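Chains as they are written, first to last, in the numbering used here: chain A, 207 to 436; chain B, 207 to 436.
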DNA sequence: GTCAAATTTTTTGTATACAAGATGGAAATT
DNA sequence: AATTTCCATCTTGTATACAAAAAATTTGAC
């Protein structure tokens, strides 16, 4: 047999049922179908997905690890949406991780990546002009993903992506505030400028302010949380 | 302002077998009993722990999530020790997370905590004088744990603790270098001084230098890795 | 009628049974 | 002899069966 048959990270491979269920449940929780505190019944889910309890349990354990649900031994698993305090904490950590990314990237970033950042920003601009929220989110994500990558630290990149995904639904809420999009764009440009100058500290400060929840953003987040909770 | 009172590891709660197996396996991997790349056979482990495959599988999935093993679908799970590059990356992230903790703590830390830091440092000093490595590690951990807590950000605290635990065995290697302990102590004191002055940036810089792997520390880490690999 | 103890029911955790994919080697073909 | 194909075996993934712990309900005493 050929040694080159090393299946390294083929993401699209046929995954097991448990994986699919985990993804599906994650979506349902993040999208709010299962409210905070709701119990996730194993047998119900098994029936719903037309599988046995085994893959359902596996999926639930995965969600438990990633923090979306809480598993109380011999009691069951419950949806655990972060409250206002925890959300602020998570955004604060996100800000710090991104600041670290930016600081490291300032001295490591490639010209190609800088140009990619400009492209992503231009597309963001277009999306803002076209009132295309989805397009904006997509290019915004690309912008941040490039930054993580350019930190030159693969582990940091993964951690950033993990938290970014976790906060995605709340970021969406947050940006809905009128007038935030142009300001957000200006911040993006300031970040790129700092990176072009190779000024890590400036880039870190800029992105920290970009991500952190403060001032008006705080009130908007609280308002949207209230709205989502009912 | 106390955080939500959620069930954080009630000591006496009898945990399920899968949890105990996960802890046991984690220890075995970190301590090096299972080398990098080794396959963890479900039935073997089941026999070894005298349980069925079910709790073993649950434990393995947990380890897979925390990154200690890699699970290749329909192939098995394999021990995945971080290589030199990944280790450096992890230490870099640890340094940034701790720097963030320190920066935030500078404006939020309580007098009580400052005094606790002094106590931990004194005990570290004593341990160094007595050549008591274990004592040093214990008090060092306490020192850092206090810092995380004083960041005032529970999420950040948890993330720091998670990475700290993951890096524990390598930190141990690293500190074995002759002369590192006194220097490490001096760094601790500089951190406390910065915190007392409320100078977040200084504290961040100090702890970043304290945690990062650079200069001599780099060579020691590489040497100990080589030694551990054979 | 209220409260409490006991029993029933439900649900989680574990064991075992079964199915499908992967591994390795032998047989067959070139 | 080398390579390919096929088959036996082993391992993982899923289903089902069973055990134990919690929740719910009934029963009984006051």
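No residue lacks a Cβ here, since even glycine has one placed at the ideal position from N, Cα and C.
What you are looking at is a predicted structure, and each value in this text was computed from that prediction instead of being measured.
Residue-level contact check: residue 361(B) touches chain A, since one or more beta carbons of chain A fall below 7 Å from its beta carbon. Under the Cβ distance rule, residue 345(A) does not count among the residues neighbouring chain B, no pair being separated by less than 7 Å.
Residue 224(B) sits away from residue 279(B), with the two beta carbons spaced by 7 Å or more. Pairwise C-beta distances place the region 227-237 of chain B out of contact with the region 226-234 of chain A, as fewer than three of them are shorter than 8 Å. Taking the C-beta atoms as reference points, residue 397(B) is found nearer than 7 Å to residue 409(B). The way I'd put it, the region 277-292 of chain B doesn't touch the region 278-296 of chain A; fewer than three beta-carbon pairs between them come closer than 8 Å. Around the C-beta of residue 404(B), fewer than 16 other C-beta atoms lie within 10 Å, and the residue is accordingly described as exposed. Against chain B, the beta carbon of residue 365(A) has neighbours under 7 Å at 299, listed in chain order.
Residue 295(A) sits in a helix when the DSSP states are folded into three classes.
One finds 263, 264 and 267 in chain B with Cβ atoms closer than 9 Å to the Cβ of residue 264(A), taken in chain order. Only those residues of the region 294-323 of chain A whose C-beta falls short of 7 Å from the nearest C-beta of chain B are listed: 295, 296, 298, 299, 302 and 306. Taking the Cβ atoms as the reference, residue 388(B) lies roughly 7 Å from residue 334(B), within the contact range of under 8 Å. A distance below 7 Å separates the beta carbons of residue 295(A) and residue 360(B). At a cut-off of 7 Å, the C-beta of residue 250(B) has no neighbouring C-beta in chain A. DSSP, read as helix, strand or coil, puts residue 315(A) in coil. Per DSSP, the beta-bridge partners of residue 277(B) are 283(B).
Here DSSP, grouped into helix, strand and coil, assigns residue 245(B) to strand. Around the CB of residue 385(A), fewer than 16 other CB atoms lie within 10 Å, so the residue is classed as exposed. For residue 221(A), the number of other beta carbons within 10 angstroms of its own is below 16, and it is reported as exposed.
Residue 222(B) sits in coil when the DSSP states are folded into three classes, being neither helix nor strand. Shown here, residue 346(A) sits in a helix according to DSSP, grouped into three states. The alpha-carbon of residue 339(A) is positioned some 33 Å away from that of residue 364(B). What residue 271(A) touches in chain B, judged by beta-carbon distance under 9 Å, is 267, 268, 271 and 272, going in chain order. Inter-segment contact for the region 262-273 of chain B and the region 304-315 of chain B is absent: fewer than three beta-carbon pairs are separated by less than 8 Å.
Ranked by Cα distance from residue 242(B), the options 286(B), 256(B), 255(B) and 282(B) are led by 286(B). Residue 400(A) sits close to residue 412(A), with the two beta carbons spaced by under 7 Å.
Per the C-alpha coordinates, the member of 282(B), 227(B) and 395(B) positioned closest to residue 244(B) is 282(B). Residue 430(A) and residue 258(A) have their C-alpha atoms spaced approximately 37 Å apart. For residue 337(B), the secondary structure class from DSSP, reduced to helix, strand or coil, is coil. By the 16-neighbour rule on beta-carbons within 10 angstroms, residue 394(A) is buried.
Comparing alpha-carbon positions, the option among 348(A), 355(A), 308(A) and 379(A) lying closest to residue 425(A) turns out to be 379(A). When C-alpha distances from residue 328(B) are compared across 317(B), 341(B) and 239(B), the shortest belongs to 341(B). About 6 Å separates the Cβ atoms of residue 331(B) and residue 391(B), confirming a contact at the 8 Å cut-off. DSSP, reduced to helix, strand and coil, places residue 257(A) outside both helices and strands of the structure shown, so it counts as coil. Residue 238(A) and residue 226(A) have their C-alpha atoms roughly 18 Å apart.
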